[in-house]
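Counting in UniProt numbering, the sequence shown runs from 1 upward without gaps.
Don't be surprised by glycine CBs; every beta carbon is placed ideally from N, CA and C.
For clarity, every value in this text was computed on a predicted model and none was experimentally measured.
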Amino acid sequence: MINSIFLTRVVLRNYKSIGYCNVNLGTLTYLVGGNGSGKSNFLDALQLVRDALNNSLENALSERGGLNEVRRRSSGHPTHFGIRLEFTLPNGQQGHFAFDIGALKDRGYEVKTEECVIGGIGKGPFYKINKGKLEKSSESTFPAVTTDRLALVAVSGLQAFRDVFDALSSMSFYSLNPDAMKELQKPQEGKLLKFSGENIASVIGHLERIDGKNQIQTIEKYLQAVVPMVHGVERKQIGPMETLEFRQDMSGAKHPWRFLAQNMSDGTLRALGILTALFQKNHDYSPTLVGIEEPETALHPAASAALREALTIASQETQIIVTSHSPDLLDDTAIPDNQILSVIAEGGETFIAPLDKASREAIKNHLFSAGELLRINQLAPDREYLESQIHNKQADLFGDTKE
């Protein structure tokens, strides 16, 4: 069986509302917390890494309002933020990528420290950079680096670090917008579904062409489970533009009627977007991780079981992270306690932790599902774990792994 886990551990420091978090991830992780708890900021930190590698660090920060909007606001006035991602590459090699971004007096920023290690320090490829200067590396030649960009972009031309770059830049994130999916779209390449789903017709068309409809059939199977009247979907060319065409049962009709995306409900389009994000893996493109914001939005509670099954099946081949505050989505005793991270906000700061002992025992012994505990406000974080995080806020992002 394929090991779909790419990111094994994530450490964040002073990222938006998150003062410090240090959590392990599995094949499927539910980030569960109320509105405003900061669970979206966890996914955004991972997305910033992806954006900085695919475009530039400056652009990634600018899209978020600049460094002042990314680093955490608090009485301590932190001037920097840091991220450490521990990973397992598709070839089985383990390692980590970490960096620390600090403010400059002229309102600019710099990469204070950056480190990439594969196989353990001294055991495989590695480098460490301080303020634009190479401190140490396993490589005899090293490209020029600057303090305003992540060095991993420059070293991606070296075979030793190419797999790390490819894997981190292949993470995909989604907050699907039905209005964007309804619009007529210009034909695009369609290898990767975009953040809001605006190119979904191109993605469906791409899967039809190169995957022998295997993924399309899986998408249609779960779409019909979520929306029973819908029998299928395909790309539809309209002049120089394209959209989606759905086949749907109509009362009294012998055969399904055809409807364009603009005539479909928001719930149906969101369901299709979620399923496409989950099952878009194909011969041309394979995301290492898929993060989805609140997949249950606009869906009928009865569709939760089908959505839950789709998440589980998709996570067998691609690592999945979803944010949620839906008791219906989590209302299944088959969801293990280690798939859930509790997210809370206290004093304007976000804390992320595994479930507390009482919640874990209730789920393990099938006394309650996670959804039932959430309904009665008993899906609580492990306070001892949080206390240890508070004491380890200044723990080093760099060097060998320390639990």
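Item, Value
"Element boundaries [alpha helix (DSSP H), containing P178]", "178-182"
"Distance, E296 Cα to S326 Cα", "7 Å"
"Spatial neighbours of R72 in its chain, beta-carbon cut-off 8 Å, leaving aside the 5 residues before and after", "N14, Y15, K16, S17, I18, G19, P78, F81, E349"
"Beta strand (DSSP E) segment containing D100, residue limits", "94-103"
"Whether L28 touches S315 by CB criterion (8 Å)", "yes"
"Classification of T141 by the beta-carbon crowding that lies within 10 angstroms, buried from 16 upward", "exposed"
"Stretch pair the region 227-239 + the region 278-288: three plus CB contacts closer than 8 Å", "no"
"Segment contact, 8 Å Cβ cut-off, at least three pairs: the region 177-190 with the region 260-278", "yes"
"Per-residue burial, D328 [other beta carbons within 10 Å of its own, 16 or more giving buried]", "buried"
"Separation of V117 from E294, as counted between CA atoms", "33 Å"
"F195 - containing beta strand (DSSP E), residue span", "No beta strand (DSSP E) contains F195, which DSSP labels as neither H nor E."
"Sub-8 Å separation of V32 and L307 beta-carbons", "no"
"Cβ shell of S40 (< 7 Å), same chain only, five flanking positions each side left out", "E293, T323"
"Residues that A345 bridges to, as DSSP identifies them", "T350"
"Buried or exposed (CB count within 10 angstroms, at least 16 for buried), D356", "buried"
"Minimum length 4: unbroken alpha helix (DSSP H) runs contained in the region 201-286", "214-226, 266-279"
"Helix, strand or coil at L397 according to DSSP, with G and I counted as helix", "coil"
"H80 - containing beta strand (DSSP E), residue span", "80-88"
"Chain-order list of residues whose beta-carbon lies under 6 Å from that of C21 (same chain, five-residue window excluded)", "L12, I352"
"Beta-carbon proximity of V164 to G95, cut-off 8 Å", "yes"
"Touch test, the region 359-376 against the region 56-73, Cβ-Cβ under 8 Å, three pairs minimum", "no"
"Whole-angstrom distance between A151 and A125, CA atom to CA atom", "At residue 125 the sequence reads Pro, which differs from the Ala that was named. Cα-Cα distance, rounded: 14 Å."
"Straight-line gap, A45 to G252 (C-alpha atoms, nearest Å)", "51 Å"
"Counted within 10 angstroms of its Cβ, other Cβ atoms place L299 as buried (16 or more) or exposed", "buried"
"Under the three-state DSSP convention, the category P301 falls into", "helix"
"Distance between P354 and N338 (C-alpha atoms, nearest Å)", "7 Å"
"Distance CB(I200)-CB(L244) smaller than 8 Å", "yes"
"Residue range of the unbroken alpha helix (DSSP H) whose run includes E384", "383-391"
"7 Å Cβ shell around A302 - same chain, five flanking residues per side excluded", "none"
"Within 8 Å, strictly: CB atoms of F246 and M264", "yes"
"Beta-carbon proximity of S172 to A60, cut-off 8 Å", "no"
"Length of the line joining the Cα atoms of Q361 and S388", "A small correction: the amino acid at residue 361 is Glu; Gln does not occupy that position in the sequence shown. Distance between the alpha carbons of E361 and S388: 21 Å."
"Contacts around D249, its chain only, beta-carbon distance under 6 Å, and the 5 residues preceding and following it disregarded", "M229, P256"
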